[in-house]
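Worksheet: one structure, shown below.
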Amino acid sequence: MENGCVCCNLAGDLVEQMTALAKQTSPKFDYMIIEASGVSEPAAIAALFETCEEDHDHSGHEKEDDLPNFAKLDTLVTVVDSCQFFQNIGPDAQMDKGRLLLDQVEYSNVVLLNKTDLVSEEQLNKVRDHVMALNSKAKVISCKESSVDVKEVVNTGLFKAEDFDLDKFTETFEGEKPKSCCKASASRGESPCCLRARTIESGLSKVLLPQKKTAKSRHNENYQISSFVYKARRPFNPAKIHVDFLDPFFVSVDEDGDEEEGDEEKGENEDGEEKKLDEEDQMDEDNASNDKIKQLQEEAVKKAKHRSDTFGNLLRMKGFMWKASSHDIMGFVSIAGSMVRLDAPGTWTALESKAYTGSDVEKAKLRKDWDGDWKDRRQELVFIGQSLKHDEIQKILDSCLLSDEEMAMGVDGWKATFGDIFLHAEE
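The opening residue of the sequence shown carries number 211 in the working numbering; numbering runs sequentially from there.
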């Protein structure tokens, strides 16, 4: 294949070549191994193997040569440099590299802890425990020079797309098997007492602490690595969530970087002669870019200190975010170390037509997160880190939620006072 990234600009090329190989009868291939670059996003590659489930007419884009008709994804493997793991996710790391690394660890069935000969046993255990805190379902294997039994990574049947839904992770906080005392609580119309004991209600939100068996895991006892979920059913004030939470503690990086290089630096003048950027101008541009990166890294270090002092060593945060200025748009926030990324993957399921007109199965699937008048609009944020101060984080986030008076304004009032991304898109 040509140079490029298989999860974005070369995705079509990858599908075409895999389909062509799958059609071959001589030689016939049973398995294909895709070795992606270190900057590829596994979730994007996995999406190539999915069938379209969007609510529209599929006849316009369904093809006989669609990849799911020829191949299925068997195993996602991530290779971790054990020696550089913490440097790659720290505040001094290359901008957004930490988020990408943690995404790769989280979205994998097997994690290979490579270069174990370059770290001590204590260092390796620390890396392993962090990886297991990020992805407790993954098989973690230590190795040198990426040498492992092929049976550990081929034909495992481990990949299941639903295993990587955020809901699966949050269910571990609520899906505790009822004990006799909890059954007694349920018989009285109360919530299970064990769940209630690890739920901190503030009146505006609730924090779910992990089950006891999870809290006593080795990575918690050895390194105080733990997790919790923050939940609320009212939107954030769009100004406050940035001013009081995102901006003071994290660095936002523009992802529209210089992905296309080389040929794009060349052009043609009116006479058709090839031209290049002036060397001095290019040098100035490179220096300015380096200065910006250095500035962001220095900012990240300062904010990491402030963040650690305020609510502990946050390794990872991700989840759904509802802002009053984007009432109908599902927000998704992803934080790795000091880097924050905000996405809008689509609308809430409250606006899905099949949630009202579909089959019983379709309705149940789309309504599983509905609660009250706002349906599935919510804050649902997962935090993973060391010695986290969940009470302080809950306090800060609660202060960013709309007040009772603001809630009483309703959606029209929010649009009038906070703006709306659709109404004010061109301003």
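Positions of the beta carbon are idealized from the N, C-alpha and C atoms, including for glycine. Note that this is a predicted model, so its numbers are computed, not measured.
**OP:** Return yes when the Cβ of Leu328 is within less than 7 angstroms of the Cβ of Ser662, no when it is not.
**Re:** Missing from the structure shown is residue 662; the chain here goes from 211 to 637 and no further.
**OP:** Could you have a look at Ala442 and say whether DSSP puts it in helix, strand or coil?
**Re:** The residue labelled residue 442 in the question sits at position 232 within the sequence shown. Ala442: strand per DSSP, three-state reduction.
**OP:** Take Ala618 and list the residues in its own chain whose beta-carbon comes closer than 8 angstroms to its own, dropping the five residues that flank it on each side.
**Re:** Here residue 618 is taken as the residue at index 408 of the sequence shown, counted from 1. If we look at Ala618 and ignore the five residues flanking it on each side, it has no Cβ neighbours.
Original post:
Cα separation between Leu283 and Thr557?
Top reply: Locating residue 283 in the sequence shown gives position 73, where the first residue counts as 1. Locating residue 557 in the sequence shown gives position 347, where the first residue counts as 1. Going by the C-alpha atoms only, they are around 28 angstroms apart.
Subject >> Residues that DSSP places opposite Arg577 in a beta bridge >> reply: The residue given as residue 577 occupies position 367 in the sequence shown. According to DSSP, which records beta bridges pairwise, Arg577 is partnered with nothing at all.
**OP:** Would you grab the beta carbon distance between Lys513 and Phe459 for me? Rounded to a whole angstrom, and I think it's under 8 angstroms.
**Re:** Position 303 of the sequence shown, counted from the start, is the residue given in the question as residue 513. Position 249 of the sequence shown, counted from the start, is the residue given in the question as residue 459. Right, the Cβ-Cβ distance comes to about 6 angstroms (below 8 angstroms), so this counts as a contact.
Original post:
From Gln294 to Lys354, what does the alpha carbon distance come to, in whole angstroms?
Top reply: By one-based count along the sequence shown, residue 294 stands at place 84. By one-based count along the sequence shown, residue 354 stands at place 144. Distance from the CA atom of Gln294 to the CA atom of Lys354, rounded to whole angstroms, is 14 angstroms.
Original post:
Buried or exposed: where does Tyr566 fall if 16 or more other Cβ atoms within 10 Å of its Cβ makes it buried?
Top reply: The residue given as residue 566 occupies position 356 in the sequence shown. Label assigned to Tyr566: exposed.
Original post:
Would DSSP call Ile603 helix, strand or coil?
Top reply: Position 393 of the sequence shown, counted from the first residue, corresponds to residue 603. Reduced to three states, the DSSP call for Ile603 is helix.
Original post:
Taking the alpha-carbon positions, what's the Gly568 to Thr559 distance?
Top reply: By 1-based counting over the sequence shown, the position of residue 568 is 358. By 1-based counting over the sequence shown, the position of residue 559 is 349. C-alpha separation (whole angstroms): 12 angstroms.
**OP:** Answer with buried or exposed for Tyr440, where buried requires no fewer than 16 other C-beta atoms within 10 angstroms of its C-beta.
**Re:** Residue mapping note: residue 440 aligns to position 230 of the sequence shown, counting from 1. By the neighbour-count rule (16 or more Cβ atoms within 10 Å), Tyr440 is buried.
Original post:
Would Glu590 pass as a contact of Gly529 if the rule is Cβ separation under 7 angstroms?
Top reply: Counting from 1 along the sequence shown, the entry for residue 590 is found at position 380. Counting from 1 along the sequence shown, the entry for residue 529 is found at position 319. Going by C-beta atoms, Glu590 is nearer than 7 angstroms to Gly529.
Original post:
Are there 16 or more other CB atoms within 10 angstroms of the CB of Tyr241, so buried, or fewer, so exposed?
Top reply: Translated into positions along the sequence shown, residue 241 becomes position 31. Under this definition Tyr241 is an exposed residue.
**OP:** Report the rounded CA-to-CA distance for Leu598 versus Gly547, giving the unit in angstroms.
**Re:** Within the sequence shown, residue 598 is the residue found at index 388, counting from 1. Within the sequence shown, residue 547 is the residue found at index 337, counting from 1. Roughly 13 angstroms separates the two Cα atoms.
Original post:
Are at least three pairs of beta-carbons, each pair with one atom in the region 412-420 and one in the region 598-611, less than 8 angstroms apart?
Top reply: Contact holds between the region 412-420 and the region 598-611, because three or more Cβ pairs, one in each stretch, are under 8 angstroms apart.
**OP:** Please classify Thr366: does DSSP put it in a helix, a strand, or coil?
**Re:** As a position in the sequence shown, residue 366 is number 156, starting the count at 1. In the structure shown, Thr366 sits in coil (DSSP, three-state: anything other than H, G, I, E or B).
Original post:
His537: which of Asp375, Val360, Asp276 and Pro448 sits nearest, CA to CA?
Top reply: Position 327 of the sequence shown, counted from the first residue, corresponds to residue 537. The option with the nearest alpha carbon to His537 is Pro448.
**OP:** Given a cut-off of 7 angstroms, decide if Phe455 and Cys610 are closer than it, judged by their beta-carbon atoms.
**Re:** Sequence index remark: in the sequence shown, residue 610 carries index 400 (1-based). Sequence index remark: in the sequence shown, residue 455 carries index 245 (1-based). Yes, these two residues count as a Cβ contact at 7 angstroms.
Subject >> C-alpha gap between Met540 and Phe632, whole angstroms >> reply: Position 330 of the sequence shown, counted from the start, is the residue given in the question as residue 540. Position 422 of the sequence shown, counted from the start, is the residue given in the question as residue 632. If you take the alpha carbons of Met540 and Phe632, they lie about 13 angstroms apart.
**OP:** Could you spell out the range, first to last residue, of the beta strand (DSSP E) harbouring Gln589?
**Re:** Start at 1 with the first residue of the sequence shown, and residue 589 comes out as number 379. That run of the beta strand (DSSP E) goes Gln589 to Gln596.
**OP:** Name the residue from Gln421, Leu561, Thr326 and Ala254 whose alpha carbon lies nearest to the alpha carbon of Val289.
**Re:** Residue numbering aside, residue 289 sits at position 79 when the sequence shown is read from its first letter. Closest by alpha carbon: Thr326.
Subject >> Top-ranked residue by Cα proximity to Ala246, from Ala256, Pro237 and Lys238 >> reply: One-based indexing of the sequence shown puts residue 246 at position 36. When each option's Cα is compared against that of Ala246, the closest is Ala256.
Original post:
Whose C-beta lies closer than 7 angstroms to the C-beta of Asp586 among residues of the same chain, with five residues either side of it excluded?
Top reply: Here residue 586 refers to the residue found at position 376 when the sequence shown is read from its first residue. Once the five neighbours on either side are set aside, the close Cβ partners of Asp586 are Trp558, Thr559, Ala560, Asp579 and Trp580.
Original post:
So what's Arg690 in DSSP terms, helix, strand or just coil?
Top reply: An answer regarding residue 690 cannot be provided, because it is not within the stretch 211 to 637 covered by the chain.
Subject >> Val225 to Leu277 span [Cα, whole Å] >> reply: Taking the first residue of the sequence shown as position 1, residue 225 is located at position 15. Taking the first residue of the sequence shown as position 1, residue 277 is located at position 67. The straight-line gap separating the alpha-carbon atoms of Val225 and Leu277 is approximately 6 angstroms.
Original post:
With 16 other CB atoms within 10 Å as the buried threshold, where does Gln314 fall?
Top reply: As a first step, residue 314 is located in the sequence shown; it is residue number 104 there, counting from the start. When all chains shown are included, Gln314 counts as buried.
Original post:
By DSSP, does Lys164 sit in helix, in strand, or in coil?
Top reply: The question about residue 164 has no answer, for the chain in this structure spans 211 to 637.
Original post:
When burial is assigned at 16 or more other CB atoms within 10 Å of the CB, is Ser436 buried or exposed?
Top reply: Against the sequence shown, residue 436 aligns to sequence position 226. By the Cβ neighbour-count rule, Ser436 is buried, with 16 or more other Cβ atoms within 10 Å of its own.
Subject >> is_contact[Ser318, chain B] using C-beta, thresh 7 angstroms >> reply: Going by chain labels, chain B is absent from the structure shown, which holds only one protein chain.
Original post:
Name the DSSP bridge partner or partners of Lys528?
Top reply: Here residue 528 corresponds to residue number 318 of the sequence shown, with the count starting at 1. By DSSP's assignment, Lys528 forms a beta bridge with Ser544 and Val592.
Original post:
From Phe369 to Lys575, what does the alpha carbon distance come to, in whole angstroms?
Top reply: As a working mapping, residue 369 is identified with position 159 in the sequence shown. As a working mapping, residue 575 is identified with position 365 in the sequence shown. Answer to the nearest angstrom: the Cα atoms are 21 angstroms apart.
Original post:
Residues in its own chain within less than 7 angstroms of Ser318 by CB, not counting five upstream and five downstream?
Top reply: Taking the sequence shown and counting its residues from 1, one reaches residue 318 at position 108. Only Pro252, Leu286, Val287, Thr288, Asn345 and Ala348 meet the Cβ criterion.
Subject >> Assigned secondary structure, Gly555 (DSSP; H/G/I helix, E/B strand, else coil) >> reply: Taking the sequence shown and counting its residues from 1, the one referred to as residue 555 is at position 345. Looking at the sequence shown, residue 555 is not Gly but Pro. Under the three-state reduction of DSSP output, Pro555 falls in the strand class.
Original post:
So is Val321 buried or exposed if we call it buried at 16+ other beta carbons inside 10 Å?
Top reply: Walking along the sequence shown from the start, residue 321 turns up at place 111. Flag for Val321 reads buried.
Original post:
Whose C-beta lies closer than 7 angstroms to the C-beta of Ile299 among residues of the same chain, with five residues either side of it excluded?
Top reply: Mapped onto the sequence shown, residue 299 falls at position 89. Around Ile299: Gly308, Leu311, Leu312, Ala546 and Gly547.
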